[in-house]
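Working notes, structure below.
Protein chains: 2
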Amino acid sequence: MAEGLPDQVAALRPNAVVAVDVVLFTVRLGDPTGRAWQVLVLERDDAAFAGRLSLPGVLLRADETFDGAARRALAAKAGLDASQWYLEQLGTFAAPDRDSRGRVISVAQLALQGSAQIRLAPGRGVMRAAWLPVRALPPESLAFDHADMLRVASNRVQSKLRYSWIAFQLLPETFTLSELRAVYAAILDPALLRLNTGNFRKAFETLFAADVLVPVGTRARAGRVGRPGDLYRFTGPVLGRWERELPWQGSPEPGPDDTTLDTAG
Amino acid sequence: MAEGLPDQVAALRPNAVVAVDVVLFTVRLGDPTGRAWQVLVLERDDAAFAGRLSLPGVLLRADETFDGAARRALAAKAGLDASQWYLEQLGTFAAPDRDSRGRVISVAQLALQGSAQIRLAPGRGVMRAAWLPVRALPPESLAFDHADMLRVASNRVQSKLRYSWIAFQLLPETFTLSELRAVYAAILDPALLRLNTGNFRKAFETLFAADVLVPVGTRARAGRVGRPGDLYRFTGPVLGRWERELPWQGSPEPGPDDTTLDTAG
DNA sequence: ACAAAAGTGTTTATTGTACACCCATGC
DNA sequence: GCATGGGTGTACAATAAACACTTTTGT
Chain A
1 MAEGLPDQVA
11 ALRPNAVVAV
21 DVVLFTVRLG
31 DPTGRAWQVL
41 VLERDDAAFA
51 GRLSLPGVLL
61 RADETFDGAA
71 RRALAAKAGL
81 DASQWYLEQL
91 GTFAAPDRDS
101 RGRVISVAQL
111 ALQGSAQIRL
121 APGRGVMRAA
131 WLPVRALPPE
141 SLAFDHADML
151 RVASNRVQSK
161 LRYSWIAFQL
171 LPETFTLSEL
181 RAVYAAILDP
191 ALLRLNTGNF
201 RKAFETLFAA
211 DVLVPVGTRA
221 RAGRVGRPGD
231 LYRFTGPVLG
241 RWERELPWQG
251 SPEPGPDDTT
261 LDTAG
Chain B
1 MAEGLPDQVA
11 ALRPNAVVAV
21 DVVLFTVRLG
31 DPTGRAWQVL
41 VLERDDAAFA
51 GRLSLPGVLL
61 RADETFDGAA
71 RRALAAKAGL
81 DASQWYLEQL
91 GTFAAPDRDS
101 RGRVISVAQL
111 ALQGSAQIRL
121 APGRGVMRAA
131 WLPVRALPPE
141 SLAFDHADML
151 RVASNRVQSK
161 LRYSWIAFQL
171 LPETFTLSEL
181 RAVYAAILDP
191 ALLRLNTGNF
201 RKAFETLFAA
211 DVLVPVGTRA
221 RAGRVGRPGD
231 LYRFTGPVLG
241 RWERELPWQG
251 SPEPGPDDTT
261 LDTAG
């Protein structure tokens with residue numbers, strides 16, 4: 001940070017355009033597993049990128065934090081009130097040619113929210129927003145380097161699902177273990193649906209023991225058929241983690257597993 | 001990224017000062033385990049931060065990548081040729097008050113290199129640089145929010161040591177399993193030194209089977225006493241990972257485990 | 001010869017998976 | 001009743017830790 005004299009002279013002169021883009025994920029429990037994991041995209045009508053999709057983003061304001069800008073982007077571009085949503089920094093993208101209009105540095109943020117709590121309320125200035133299934137989204141359909149951001153975000157969520165407790169950010173206040181399993185199946189591997197209920201439950205044994213997952217007493221309203229599951233509430237810290245990673249391997253997604261940015265061997 | 005019309009008009013006007021700071025870690029195999037894990041810091045002589053330490057950093061240039069700037073920072077501030085070193089993006093720090101001279105956004109980079117390959121070659125314009133043990137470094141001694149960066153970097157390395165193959169970036173071309181164990185012990189937990197050699201070796205069984213760790217034939221020159229260990233070479237990709245995380249728990253470092261930036265519950 | 005450290009194998013405890021069984025609901 | 005899905009317990013397989021033993025060096 002500008003310790004050298006030549007740097008210090010210029011220290012107060014802005015030298016970059018900084019934007020914030022948001023990768024907002026949700027899981028639609030009603031949809032089939034292959035399409036349940038969805039991402040929010042905007043449909044662009046610019047001349048330059050006609051027909052292509054992009055992530056919601058804004059330019060950073062003078063005294064704004066990154067997550068402040070991210071929440072503002074969701075409000076301004078999609079009419080979403082994200083003031084209470086889970087948000088974390090994903091990484092900063094700065095390939096010199098990533099934006100044709102000049103050099104723009106973008107801080108990508110990852111947001112998670114349960115689909116039940118999301119209400120797309122189109123207001124003034126809101127763009128056409130759409131939810132698309134992550135697994136069925138062709139990378140070419142995204143403008144700029146937003147496909148890179150989506151890839152990094154997907155990898156991040158898949159990893160984090162195994163060692164942290166973020167899965168509960170994608171569920172409503174109370175939920176059944178089946179719904180929890182649906183989240184894991186949608187993001188990690190559909191094969192988890194064919195896993196035994198007992199084994200799935202056992203993986204969360206420590207959370208039950210620590211009262212992080214507490215039964216709420218009630219049963220879920222009957223689904224279609226079969227016994228309704230017990231309802232649970234998550235009381236643990238959002239940033240909580242397991243001591244030992246969950247055993248379920250993510251689906252062997254080929255290609256670079258770039259959780260790691262800016263790496264050169 | 002500036003899709004809205006109001007944003008687009010201003011899209012080419014720089015709106016922020018962007019810097020790049022580097023957290024360079026090494027492990028000195030000679031030192032006692034408690035002090036072997038070290039970080040490079042600069043001793044500041046500014047009036048504002050007299051006597052305090054800081055991480056090497058520079059302002060980002062117009063057409064420079066982040067890791068380009070990071071390597072330049074190491075060269076300019078400490079005289080290190082980091083052109084071939086392992087580097088990854090750590091996160092971007094932007095608290096509005098993090099720099100008293102104005103709002104500066106800093107992209108922190110994590111660098112790893114074996115201590116044997118590091119040659120501090122003070123040249124013109126190079127600042128006083130020092131290697132300090134990470135575990136014994138009081139957070140207050142660092143200027144700006146560099147203590148935050150160091151904390152995030154430490155957590156990142158500790159996690160990554162367990163699921164990826166970066167440990168080998170901290171070792172010379174050929175090394176013994178004892179030296180490898182010393183790296184893990186220094187960063188994760190000194191108790192690993194008291195772990196049986198056989199069990200440690202068994203953890204790397206898959207790497208031996210995949211010829212990622214290959215014996216180089218020779219024996220290490222005798223240490224102090226006892227049988228010298230076999231020498232090995234790491235041939236795998238820098239970004240390689242284990243399918244299953246290593247079992248060794250990091251030392252139960254209290255405090256926030258912030259690998260996660262910008263999170264608000 | 002002895003101590004110290006490295007390498008190899010076996011035994012035991014812990015953890016993950018598979019399977020069998022009972023419970024509650026819709027038809 | 002019967003099919004379907006949820007909840008509980010047990011048996012088997014895989015993995016981590018503990019331990020015993022052999023090899024190679026310096027003193």
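Chains as they are written, first to last, in our numbering: chain A, 1 to 265; chain B, 1 to 265. In this text, a Cβ means the ideal position worked out from N, Cα and C, and glycines have one as well. Quick caveat: nothing in here was measured; it's all calculated off a predicted structure.
Of the choices L142/A, F66/A, D81/A and L80/A, whose alpha-carbon is the least far from that of R98/A? Taking only the C-alpha atoms, the option nearest R98/A is L142/A.
- Beta-carbon proximity check, A284/B vs I105/B, cutoff 9 Å: It is not possible to answer for residue 284/B, since the shown part of chain B is limited to 1 through 265.
According to DSSP, what are the bridge partners of S178/B?
-> Looking at the DSSP assignment, S178/B forms no beta bridge with any residue, so it has no partner.
Problem set entry | Limits of the unbroken beta strand (DSSP E) element including S106/A | Taken as a continuous stretch (DSSP letters only), the beta strand (DSSP E) holding S106/A covers V104 to L112.
| said: For F25/A, report the span of its beta strand (DSSP E) as first-last. | reply: Residues V17 to V27.
Starting from the Cα of S83/B, find the closest Cα among L90/B, Q89/B and A73/B and give me that residue.
Comparing Cα-Cα distances from S83/B to each of L90/B, Q89/B and A73/B, the minimum goes to A73/B.
Taking Cβ positions only, does L87/A come closer than 9 Å to chain B? The Cβ of L87/A sits closer than 9 Å to at least one Cβ of chain B.
Please name the residue or residues paired with F234/B in a DSSP beta bridge.
Per DSSP, L213/B.
(request) Pull up the distance between the alpha-carbon of G135/B and that of T33/B, whole angstroms please. (result) Contrary to the premise, residue 135/B reads as Arg rather than Gly in this sequence. So the two alpha carbons sit approximately 10 Å from each other.
*Three-state secondary structure (DSSP) at P14/B?*
DSSP places P14/B outside both helix and strand once states are collapsed to three, so it counts as coil.
Which value, in whole angstroms, describes the spacing of the CA atoms of T65/B and D31/A?
Taking the straight line joining both Cα atoms gives about 41 Å.
Open item on the list: Please tell me whether I118/B has its Cβ less than 9 Å away from any Cβ of chain A.
Closed with: At a cut-off of 9 Å, the C-beta of I118/B has no neighbouring C-beta in chain A.
- Determine which residues of the region 138-169 of chain A have a Cβ less than 7 Å from any Cβ of chain B, and write them out in chain order. Cβ proximity to chain B below 7 Å picks out F144 from the region 138-169 of chain A.
### Query
Taking Cβ to Cβ, would you say L177/B is nearer than 9 Å to G229/B?
G229/B is positioned such that its CB atom lies closer than 9 Å to that of L177/B.
### Message
Within a Cβ cutoff of 6 Å, which residues of the same chain sit near L193/B, ignoring the five residues on either side of it in sequence?
### Response
When the five nearest sequence neighbours on each side are left out, the beta carbons in the same chain lying within less than 6 Å of the beta carbon of L193/B are those of A185, in order along the chain.
Could you please give me the residues that DSSP links to F93/B through a beta bridge?
-> Its beta-bridge partners are S106/B.
Whole-number beta carbon distance between V22/B and A130/B, since they are thought to touch under 8 Å
Between A130/B and V22/B a beta carbon distance of about 15 Å is seen, past the 8 Å cut, so the two are scored as non-contacting.
Span of the alpha helix (DSSP H) around V152/A = Residues H146 to Y163.
Would you kindly work out how many angstroms separate the C-alpha atoms of S54/A and A153/A, rounded to a whole number? In this structure, the alpha-carbon of S54/A lies about 14 Å from that of A153/A.
- Task: Would you list the one or two residues that DSSP bridges to S54/B?
- Result: Its beta-bridge partners are L42/B.
Original post:
Are T237/A and V17/B close, meaning C-beta to C-beta below 9 Å?
Top reply: The sequence shown places Pro at residue 237/A, not Thr. No; because the gap between Cβ atoms is not below 9 Å, this pair is not in contact.
Original post:
Among residues of its own chain, excluding the 5 on either side of G265/A, which ones have a beta-carbon nearer than 8 Å to its beta-carbon?
Top reply: Confidence in G265/A is poor, its pLDDT being 41 and thus under 50, which makes the residue's placement unreliable; the coordinate value appears in the next sentence. For G265/A, where only same-chain residues beyond five positions count, there are no Cβ hits under 8 Å.
query = What's the C-alpha gap between V214/A and R233/A?
reply = V214/A and R233/A have their C-alpha atoms roughly 5 Å apart.
- Thinking C-beta only, is Q113/B closer than 9 Å to L270/B? Lying before the first or after the last residue shown, residue 270/B is absent from chain B, which here runs from 1 to 265.
Self-check item: Contacts around E3/A, its chain only, beta-carbon distance under 8 Å, and the 5 residues preceding and following it disregarded
Solution: At E3/A, the pLDDT of 44 sits below 50, so the modelled position is not reliable; the number obtained from the coordinates is stated separately. Nothing listed; no residue qualifies.
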